[in-house]
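So the sequence shown is numbered by the numbering used here: it starts at 922 and just counts up by one.
Where is the CB? At the ideal position from N, CA and C, for every residue including glycine.
For clarity, every value in this text was computed on a predicted model and none was experimentally measured.
Here the structure comes first, spelled out in C-alpha coordinates, and everything after it is commentary.
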Amino acid sequence: MSQENYKEDSSRWLRQAKADIKAAQGSIKNNSYEWACFQSQQAAEKALKALWYYYSFDPWGHSAAKLIQEFPQNRIKESLNSLLNKAKELDKLYIPTRYPNSLPDLTPSEIFTKEEASRAVGSSKIIIKEIGKMLKS
(Lines of atoms letter the chains of each structure in order from A and count residues from 1; the text may use other names and numbers.)
(Lines give C-alpha, C1' and ligand atoms only; values in the text may rest on other atoms or scores of the structure.)
Protein backbone atom coordinates (compact mmCIF):
# COMPACT_ATOMS: atom_id res chain seq x y z
CA MET A 1 0.00 0.00 0.00
CA SER A 2 1.28 3.48 -0.80
CA GLN A 3 2.04 6.01 1.93
CA GLU A 4 -0.89 8.09 0.69
CA ASN A 5 -3.23 5.11 1.11
CA TYR A 6 -1.94 4.52 4.64
CA LYS A 7 -2.71 8.16 5.50
CA GLU A 8 -6.23 7.79 4.06
CA ASP A 9 -6.76 4.61 6.09
CA SER A 10 -5.46 6.40 9.18
CA SER A 11 -8.00 9.17 8.73
CA ARG A 12 -10.86 6.71 8.24
CA TRP A 13 -9.91 4.71 11.34
CA LEU A 14 -9.73 7.84 13.49
CA ARG A 15 -13.10 9.06 12.19
CA GLN A 16 -14.64 5.70 13.09
CA ALA A 17 -13.05 5.83 16.56
CA LYS A 18 -14.74 9.19 17.10
CA ALA A 19 -18.06 7.79 15.85
CA ASP A 20 -17.72 4.80 18.19
CA ILE A 21 -17.16 7.03 21.22
CA LYS A 22 -20.27 9.05 20.32
CA ALA A 23 -22.18 5.77 20.13
CA ALA A 24 -20.81 4.84 23.56
CA GLN A 25 -22.12 8.10 24.98
CA GLY A 26 -25.51 7.31 23.47
CA SER A 27 -25.42 3.84 25.00
CA ILE A 28 -24.92 5.39 28.44
CA LYS A 29 -27.99 7.57 27.88
CA ASN A 30 -29.92 4.41 26.95
CA ASN A 31 -28.69 2.56 30.08
CA SER A 32 -26.79 0.08 27.90
CA TYR A 33 -23.68 0.26 30.02
CA GLU A 34 -22.13 -2.94 28.73
CA TRP A 35 -22.32 -1.60 25.17
CA ALA A 36 -20.85 1.72 26.21
CA CYS A 37 -17.91 -0.15 27.73
CA PHE A 38 -17.39 -2.29 24.63
CA GLN A 39 -17.75 0.66 22.26
CA SER A 40 -15.19 2.57 24.32
CA GLN A 41 -12.70 -0.28 23.97
CA GLN A 42 -13.38 -0.42 20.24
CA ALA A 43 -12.91 3.34 19.87
CA ALA A 44 -9.52 3.24 21.60
CA GLU A 45 -8.43 0.24 19.53
CA LYS A 46 -9.42 1.99 16.29
CA ALA A 47 -7.67 5.23 17.28
CA LEU A 48 -4.47 3.28 17.96
CA LYS A 49 -4.80 1.47 14.64
CA ALA A 50 -5.14 4.89 12.99
CA LEU A 51 -1.74 5.75 14.43
CA TRP A 52 -0.23 2.55 13.07
CA TYR A 53 -1.60 3.31 9.60
CA TYR A 54 -0.41 6.91 9.79
CA TYR A 55 3.16 5.64 10.10
CA SER A 56 2.63 3.06 7.32
CA PHE A 57 2.47 0.01 9.58
CA ASP A 58 -0.15 -2.73 9.47
CA PRO A 59 -1.73 -3.23 12.90
CA TRP A 60 -2.89 -6.63 14.06
CA GLY A 61 -5.03 -7.73 16.96
CA HIS A 62 -7.68 -6.28 19.22
CA SER A 63 -5.72 -5.32 22.31
CA ALA A 64 -5.27 -1.57 22.75
CA ALA A 65 -2.43 -2.26 25.19
CA LYS A 66 -0.61 -4.49 22.70
CA LEU A 67 -1.02 -1.87 19.99
CA ILE A 68 0.87 0.49 22.29
CA GLN A 69 3.45 -2.00 23.53
CA GLU A 70 4.27 -3.32 20.07
CA PHE A 71 4.33 -0.03 18.18
CA PRO A 72 7.27 -0.39 15.78
CA GLN A 73 8.73 3.09 16.28
CA ASN A 74 10.38 3.64 19.68
CA ARG A 75 10.03 7.43 19.74
CA ILE A 76 6.27 7.14 19.23
CA LYS A 77 5.97 4.16 21.58
CA GLU A 78 7.54 6.23 24.37
CA SER A 79 4.93 8.95 23.96
CA LEU A 80 2.18 6.30 24.03
CA ASN A 81 3.33 4.85 27.36
CA SER A 82 1.28 7.39 29.32
CA LEU A 83 -1.84 5.81 27.77
CA LEU A 84 -0.93 2.21 28.56
CA ASN A 85 -2.86 1.84 31.82
CA LYS A 86 -6.00 3.28 30.24
CA ALA A 87 -5.60 0.86 27.33
CA LYS A 88 -5.22 -2.08 29.72
CA GLU A 89 -8.38 -1.09 31.59
CA LEU A 90 -10.29 -0.88 28.31
CA ASP A 91 -8.95 -4.25 27.14
CA LYS A 92 -10.53 -5.88 30.20
CA LEU A 93 -13.90 -4.91 28.72
CA TYR A 94 -13.41 -6.65 25.37
CA ILE A 95 -15.01 -10.04 26.19
CA PRO A 96 -17.17 -9.73 29.34
CA THR A 97 -19.21 -6.85 27.92
CA ARG A 98 -20.60 -9.12 25.23
CA TYR A 99 -20.81 -12.73 26.35
CA PRO A 100 -23.03 -14.05 29.17
CA ASN A 101 -20.79 -17.08 29.69
CA SER A 102 -17.86 -14.82 30.56
CA LEU A 103 -19.61 -13.84 33.81
CA PRO A 104 -20.82 -16.17 36.57
CA ASP A 105 -24.63 -16.33 36.69
CA LEU A 106 -25.19 -12.87 35.20
CA THR A 107 -25.35 -11.23 31.81
CA PRO A 108 -23.32 -8.21 30.72
CA SER A 109 -26.44 -6.04 30.81
CA GLU A 110 -26.99 -6.99 34.45
CA ILE A 111 -23.50 -6.37 35.78
CA PHE A 112 -21.96 -3.30 34.11
CA THR A 113 -22.69 0.04 35.76
CA LYS A 114 -23.04 3.62 34.65
CA GLU A 115 -19.87 4.48 36.57
CA GLU A 116 -17.87 1.81 34.73
CA ALA A 117 -19.26 2.98 31.40
CA SER A 118 -18.45 6.62 32.17
CA ARG A 119 -14.89 5.69 33.16
CA ALA A 120 -14.46 3.67 29.97
CA VAL A 121 -15.73 6.54 27.81
CA GLY A 122 -13.42 8.95 29.62
CA SER A 123 -10.36 6.73 29.13
CA SER A 124 -11.15 6.17 25.49
CA LYS A 125 -11.67 9.89 24.86
CA ILE A 126 -8.23 10.61 26.32
CA ILE A 127 -6.63 8.03 24.01
CA ILE A 128 -8.50 9.39 20.97
CA LYS A 129 -7.54 12.96 21.83
CA GLU A 130 -3.85 12.09 22.25
CA ILE A 131 -3.78 10.10 19.02
CA GLY A 132 -5.49 13.00 17.24
CA LYS A 133 -2.75 15.35 18.46
CA MET A 134 -0.04 12.94 17.31
CA LEU A 135 -1.55 12.71 13.84
CA LYS A 136 -1.64 16.49 13.49
CA SER A 137 1.99 17.05 14.49
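Rounded to whole angstroms, Y974 and A938 show a C-alpha spacing of 14 Å. Taking a 10 Å sphere around the C-beta of L1004, we find 16 or more other C-beta atoms and assign the residue as buried. Sixteen is the threshold: when 16 or more other Cβ atoms of the shown chains lie within 10 Å of the Cβ of D941, as they do, the residue is buried. Take the alpha-carbon of L1014 and the one of R933: they are about 24 Å apart.
Separation of I1052 and L972 (C-alpha to C-alpha, rounded to the nearest whole angstrom) is 7 Å. Sixteen is the threshold: when 16 or more other Cβ atoms of the shown chains lie within 10 Å of the Cβ of Y954, as they do, the residue is buried. Residue burial is scored here from C-beta neighbours: K1054 has fewer than 16 other C-beta atoms within 10 angstroms and is therefore classed as exposed. Taking C-beta atoms as the reference points, K1009 and A1038 fail to come closer than 8 Å.
For F959, the three-state secondary structure derived from DSSP is helix.
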